[in-house]
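Under my numbering, residues -15 to 389 are what the sequence shown spells out, in order. The beta-carbon is built from N, C-alpha and C at its ideal position, and this holds for glycine as well. Being a predicted model, the structure only gives us computed values, none of them experimental.
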Amino acid sequence: MFLEKTYRILAWVVLCILQYSCTEPFPIVTKGFETVLVVQATLTDENIQHKVLLSRSYNLEGDGPNFESNAKVMIKDDAQYVYDFPETDPGTYVSSQAFAAQPGHSYQLFIETADGRSYSSDSEPLPQQVPIDRIYTEIETNVDQVVGAGFFVDNHDASGQSKYFRYTYEETYEIIAPYWVREDIYIVSDQFPYQVDVKLKTQEEHYCYKTNLSNNIVLANTSDYAENRISRFQVRFIAKDDYMLRNRYSILVHQYTQSLEAHNYLKTLKEFSGSENPFSENQPGFIEGNITSDHDTNEKVVGFFEVSSVSSKRIFVKFRDIFPTGNFPDFPYGCQSNAISLYGRVPQGPSPLIDAIESGQYKMYTPAPTPPDPPTVYIMVGRPCGDCTFMGSNKKPDFWVDEKI
């Protein structure tokens, strides 16, 4: 997700600073648009298949993005070992094998586009890894005076060599359908005389899980500190009334140790993307990365080939771990029950219950406690209230640890 988020920011930066490098008023029409290669690539010491994203800048009238396809992409280390990145989707290049950047080695990115142009990055060494000491949560009030849970990290680097860090996270929370029952209602006949049946559900709809990936650039550094130590650095804030905290919540934080150049590049990108007016006088001009054309020194290339070491840590919390008192967050959907009849007011007319079942928007809560037998009226609730798969996946993640009771 970080790659995709930064990729979108890069595309917007290209549009803003390459086409409009002045602060005079202008009509939103792009004339003589300059196409620019946009590169997003991060190599880490994780033993995974790494990814490189390529595109071309697009103008305001275009649909965008314009993926750069049919390129040849590879990473070469200082021992001349080559890792190929075949294209798996338009503009997406994934290493053909899993590999990890190694300490004491440097790496360089090479790109050859379909039109024969070639590009290369600077040779980038792998920074020394700094472990996350701990992740923890405390009650926090943000700048908007909203009370919530702040999630913080601490680290320290005894060697004093690593000072620059980037953070991403993966968060997962448990969803519990408040009006779940074991049975469901099924259509036997959708023709008059209508018929339904109640049977046990065939899939899990009570407990589900939802995972979100961070999409912001989160940076920290210790360059101005007396010692190389990150203390109480906030990587995530969740408002107290957010449903994510109601049941069980987990966050996995990734800490990327960066070079100074990678840190400054992303810092500039973050400042630009956070500007309310990207055409203001604070415009940074062309944001130069570490990727250049091999044949044309005047050709602009946007992007940075980052080589980082990663430390990751996960915690689980529940609402009362953070907030000993107070109300739990509300379920995000209203759960009003409705009595829906198998038969409508018009003899042999459409069935309200059959229509409700076929819409997929309702789940049975219980048959109405009234004659006849079998019942013809059923208490129904909106699907989110009786089926957690509306909000998440019913497959429990492999890492998930249930609360011990």
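- Message: Can you find the residues in the same chain that come closer than 7 angstroms, C-beta to C-beta, to residue 237, ignoring five residues on each side of it along the sequence?
- Response: 116, 119, 137, 151, 153, 219, 296 and 297
- Query: So, do the stretch 166 to 176 and the stretch 124 to 144 have three or more beta carbon pairs nearer to each other than 8 angstroms?
  - Reply: Not touching, per the Cβ criterion.
- What does a CB cutoff of less than 7 angstroms around residue 332 pick up in its chain, not counting 5 residues either side in sequence? 176
- Query: Terminal residues of the continuous beta strand (DSSP E) containing residue 30?
  - Reply: Per DSSP, residue 30 belongs to no beta strand (DSSP E) and is neither H nor E.
- Query: Taking the alpha-carbon positions, what's the residue 75 to residue 84 distance?
  - Reply: Distance between the alpha carbons of residue 75 and residue 84 is about 22 angstroms.
- Message: Can you find the residues in the same chain that come closer than 7 angstroms, C-beta to C-beta, to residue 325, ignoring five residues on each side of it along the sequence?
- Response: 336, 337, 360 and 361
- Message: Per DSSP, what are the beta-bridge partners of residue 370 in this structure?
- Response: According to DSSP, which records beta bridges pairwise, residue 370 is partnered with nothing at all.
- Look at the alpha carbon of residue 101 and the alpha carbon of residue 94, and state the distance between them as a whole number of angstroms. 11 angstroms
- Message: Short of 7 angstroms in beta carbon distance, which residues of its chain neighbour residue 380, apart from the five on each side in sequence? Order them along the chain.
- Response: 193
- Which whole-angstrom value is the C-beta distance of residue 54 and residue 71, which I expect to be below 8 angstroms? 7 angstroms
- Pull up the distance between the alpha-carbon of residue 22 and that of residue 41, whole angstroms please. 7 angstroms
- Residue burial classification, residue 126 (beta-carbon count within 10 angstroms, cutoff 16): Exposed, since its Cβ has fewer than 16 Cβ neighbours within 10 Å.
- Candidates 207, 186, 221 and 229, of which the one nearest residue 160 by Cα: 229
- Task: Look up residue 277 in the DSSP assignment and say whether it is helix, strand or coil.
- Result: strand
- Query: So what's residue 238 in DSSP terms, helix, strand or just coil?
  - Reply: strand
- Distance between beta carbons of residue 79 and residue 34, contact taken as under 8 angstroms: 5 angstroms
- Query: What are the start and end residues of the beta strand (DSSP E) that includes residue 312?
  - Reply: That residue, residue 312, is in no beta strand (DSSP E); it is neither H nor E in DSSP.
- Same chain, Cβ closer than 8 angstroms to residue 214, five either side skipped, listed in chain order: Excluding positions up to five away in sequence, the list reads 137, 138, 139, 140, 149, 204 and 206.
- Query: What did DSSP end up calling residue 336 once you bin it into helix, strand or coil?
  - Reply: helix
- Can we say the stretch 299 to 319 touches the stretch 365 to 374, given the rule of at least three CB pairs closer than 8 angstroms? With contact defined as three or more Cβ pairs closer than 8 angstroms, the stretch 299 to 319 and the stretch 365 to 374 are in contact.
- Is residue 154 helix, strand or coil when you go by DSSP? strand
- Taking C-alpha atoms, which residue in 223, 201, 91 and 276 lies nearest to residue 251? 201
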